[in-house]
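Engineer: Would you mind keeping the following structure in view while I ask a few things?
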Amino acid sequence: MTRRAVVIGTGHYLPQRVVENAEFARTLDTSDEWIESRSGIKRRHFAAEGEYTSDLAIAAARDALADAGITASDIDAVVVATSTPDMTFPAVATQVQDGLGMTGGFAFDVQAVCAGFVFALANANGMIVSGQARRVLVIGAETFSRIMDWTDRATCVLFGDGAGAVVLEARDGAGTSDDRGILASDLNSDGRYRDLLYVDGGVSTSGTAGHLRMQGREVFRHAVEKLAATATTALDRAGLGAADVDWVVPHQANLRIIRGTAQKLGVSMDRVVVTVQDHGNTSAASIPLALSVAAREGRFAPGDLVLCEAIGGGLSWGAVVLRW
């Protein structure tokens, strides 16, 4: 028998404030048509004053636990993927742990920007397969509205706030690609490209949070190629191919990137979960948000093969193949 990390629950949370594209046109040289034509984004959510990344993460975690039919006391570990923590330390995951009333287990954050949730899933899978944990709560949560330069129309219109979560549980499988759970993953980083997408502040440099900076065209050029490559590698490791995929749940950065990657993989867009139009780019939260939304809509059937892939600052990119 082979131990697998199986998704038994999903959840998400979006702040109440919805920001339509037209709102940016009041202060920037932009328009709803300009934003949507270049990104596919129509609206996004922004956290309220006094609403922090940990608050979003806790709400998504509670939703996922309810969906799984378990309580926080059943969780062995909490892993939070985020680039916008409440504080330099402690980890957001420990705040989630406290917010859920957990007094046992362990909790830590993963920082791989938009690829963070994929990296967190791979880490959680490793802990389950090794026997370190039986149930792991994996969360992606961001408040990117706190690091936007509101004078930069090329970036500030792209991002939103939100959180998504999944509960993974150890289950026995036969060791084949027909098993439920995480079947394979592929993780990559290349620091030579760090200047393509970064934040111009930090504890050790400026002592400030800084603002997001991005070379959009260059990021796009790397994104499609690297996402298709990592997806193919992860599928190869699972002994599968693109034709076996029932659903692609990509990082929701830009509709053109999503379409370009799907085309390169040879996957029809009717098999791709797209939520970017309503959420914008929520960085590490985008994949778990999309997973939860699609699951609530009843898109996934037991046994469906799901491919998740993402790329973010670093550059960091990766993919996870799992069977629902």
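So in my numbering, spot 207 of the sequence shown is number 212, and the numbers just go up one at a time.
From the three backbone atoms N, C-alpha and C, an ideal C-beta is built for every residue, glycine too.
#1: In whole angstroms, what is the alpha-carbon distance linking L260 and G167?
#2: Going by C-alpha to C-alpha distance, which of I316, E147, G55 sits closest to L232?
#3: Which residue's Cα is closest to the Cα of M132: G104, V84, Q116?
#4: Is it a yes or a no for the stretch 172–180 touching the stretch 8–21, going by three-plus beta-carbon pairs under 8 Å?
#5: What three-state label does DSSP hand V278 in the structure shown?
#6: So, under 8 Å CB-CB, K269 and V229 are touching, yes? Tell me the CB distance rounded to an integer number of Å.
#7: Is the beta carbon of V278 less than 8 Å from the beta carbon of A295?
#8: First and last residue of the beta strand (DSSP E) that includes W252?
#9: Please say whether A127 and D114 have beta carbons closer to each other than 8 Å?
#10: Taking C-alpha atoms, which residue in M153, Q102, S44, A66 lies nearest to A146?
#11: Would A116 and S150 be called neighbours here (beta carbons separated by less than 8 Å)?
#12: Looking only at its chain, what residues have a beta carbon closer than 8 Å to the beta carbon of R304, apart from the 5 residues adjacent to it on each side?
#13: Does N193 come out as helix, strand or coil in the three-state DSSP assignment?
#14: Between R328 and the rest of its own chain, which residues show a CB-CB distance below 8 Å, the 5 nearest in sequence each way excluded?
#15: Let me check understanding here. Comparing Cα to Cα, which of T210, R199, A239, T213 lies closest to E223?
#16: Using the beta-carbon count (16 or more within 10 Å), is F94 buried or exposed?
#17: Report yes if the CB atom of A53 is closer than 8 Å to the CB atom of Q21, and no otherwise.
#18: Less than 8 Å separating the beta-carbons of P255 and H17?
#19: Could you tell me the distance, in whole angstroms, from the CA atom of D195 to the CA atom of V162?
#20: Alpha carbon to alpha carbon, how far is V118 from A86? Give it in angstroms, no decimals.
#21: For H17, report the span of its beta strand (DSSP E) as first-last.
#22: Should G136 be labelled buried (16 or more other beta-carbon atoms within 10 Å of its own) or exposed?
#23: Assign A168 to one of three DSSP states: helix, strand, or coil.
#24: Ignore the nearest five residues each way along the sequence and tell me which others in E28's own chain have a CB closer than 7 Å to its CB.
#25: Run the CB neighbour count on D191, radius 10 Å, all protein chains shown included, and call it buried at 16 or more, exposed below.
#26: Considering only their Cβ atoms, is the gap separating G221 from V204 smaller than 8 Å?
#27: CB-CB under 7 Å to D264, same chain, minus the five flanking residues each way: which ones, in chain order?
#28: So what does W322 bridge to, in DSSP terms?
#29: Which residue from E314, D103, E41, E38 puts its Cα closest to that of S59?
#30: Taking the C-alpha atoms as reference points, what is the distance between G364 and D37?
#31: Select from D154, I262, G110 the residue whose C-alpha is nearest the C-alpha of R139.
#32: Please say whether T235 and Q257 have beta carbons closer to each other than 8 Å?
#33: Assign E147 to one of three DSSP states: helix, strand, or coil.
Structural biologist: Well, looking at it:
#1: 18 Å
#2: I316
#3: V84
#4: yes
#5: coil
#6: 6 Å
#7: yes
#8: 252–255
#9: no
#10: A66
#11: Inspection of the sequence shows that residue 116 is occupied by Gln rather than by Ala. No; because the gap between Cβ atoms is not below 8 Å, this pair is not in contact.
#12: W252, V278
#13: strand
#14: S182, D183, D184, R185, G186, L188, G308, D309, L310, V311
#15: R199
#16: exposed
#17: yes
#18: no
#19: 27 Å
#20: 8 Å
#21: 7–18
#22: exposed
#23: strand
#24: none
#25: buried
#26: no
#27: Residue identity differs from the one stated: residue 264 is Arg in this sequence, not Asp. These residues qualify, in order along the chain: M274.
#28: N193, I316
#29: D103
#30: Residue 364 lies beyond the range of the chain shown here (6 to 329); nothing can be said about it.
#31: G110
#32: no
#33: strand
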